[in-house]
Amino acid sequence: MDQLPESARRVAAAAAAAGLAVNVVEMPDSTRTAEEAARACGCEVAQIVKSLVFVGAASGQPYLLLVSGANRVDEMAVAAELGEPLVRPDGRRVREITGYAIGGIPPIGHPEPMRTLIDARLLTYEVVWAAAGTPRCVFAVDPAALARAASATTYAF
-9 MDQLPESARR
1 VAAAAAAAGL
11 AVNVVEMPDS
21 TRTAEEAARA
31 CGCEVAQIVK
41 SLVFVGAASG
51 QPYLLLVSGA
61 NRVDEMAVAA
71 ELGEPLVRPD
81 GRRVREITGY
91 AIGGIPPIGH
101 PEPMRTLIDA
111 RLLTYEVVWA
121 AAGTPRCVFA
131 VDPAALARAA
141 SATTYAF
């Protein structure tokens, strides 16, 4: 683990603190997109957890959406669920909110808790793969355990 980038070590520590027994690994190739991650991890695209950050247009409150790599976000439907329109923040703001750059945002381990929704499709798998702080670091995890660790509400994206 000492060989991992600092941001990946932070994710591993956050996982351990949340009671998740995960092994963060650094892949030789990029895992920035769901397709790249699926190739690197040897799994279906649907088993990739996309950690997407949105901000409430009225409140400025950040929201974290943990979406299956095979699904797209219907922003209008999610906005209705959350009670306000959503805005996609730029990369600088995402880093401020999460502590990580786009392409490596983990589903846990952020400076402040966020209201989090997890894709019901992810919960149909025994194992899913999530980013671990860099565009090449990932970890495998039981999706139900991840949902508990992230205090996520199940949502059908």
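Heads up: the sequence shown begins at -9 in the numbering used here, then just goes up one per residue. Don't be surprised by glycine CBs; every beta carbon is placed ideally from N, CA and C.
Item	Value
Can you give the beta carbon distance from T88 to V35, rounded, assuming they're within the 8 Å contact cut?	That belief does not hold up - the Cβ atoms of T88 and V35 are roughly 22 Å apart, past 8 Å.
Let me know the secondary structure DSSP gives V117 once reduced to three states.	coil
Using 10 angstroms around the beta-carbon of G81, count the other beta-carbons present and answer buried if the total reaches 16, otherwise exposed.	exposed
Near A8, which residues of its chain fall below 6 Å by C-beta distance, leaving aside the five closest residues on each side in sequence?	I98 and A139
According to DSSP, which residues form a beta bridge with V57?	K40
Tell whether a beta-carbon distance below 8 Å holds between L160 and G50.	Because the chain is modelled from -9 through 147, residue 160 falls outside the range shown and cannot be assessed.
Quick one: give me the first and last residue of the alpha helix (DSSP H) that T143 is part of.	Counting along the chain, T143 falls outside any alpha helix (DSSP H), though it belongs to the beta strand (DSSP E) covering A142 to Y145.
Consult DSSP for R105 and reduce its assignment to one of helix, strand or coil.	strand
Under DSSP, the alpha helix (DSSP H) around V1 begins and ends at which residues?	E(-4) to A7
In whole angstroms, what separates the C-alpha of A121 from that of A2?	11 Å
Give me the Cα-Cα distance between Y145 and W119, rounded to the nearest whole angstrom.	18 Å
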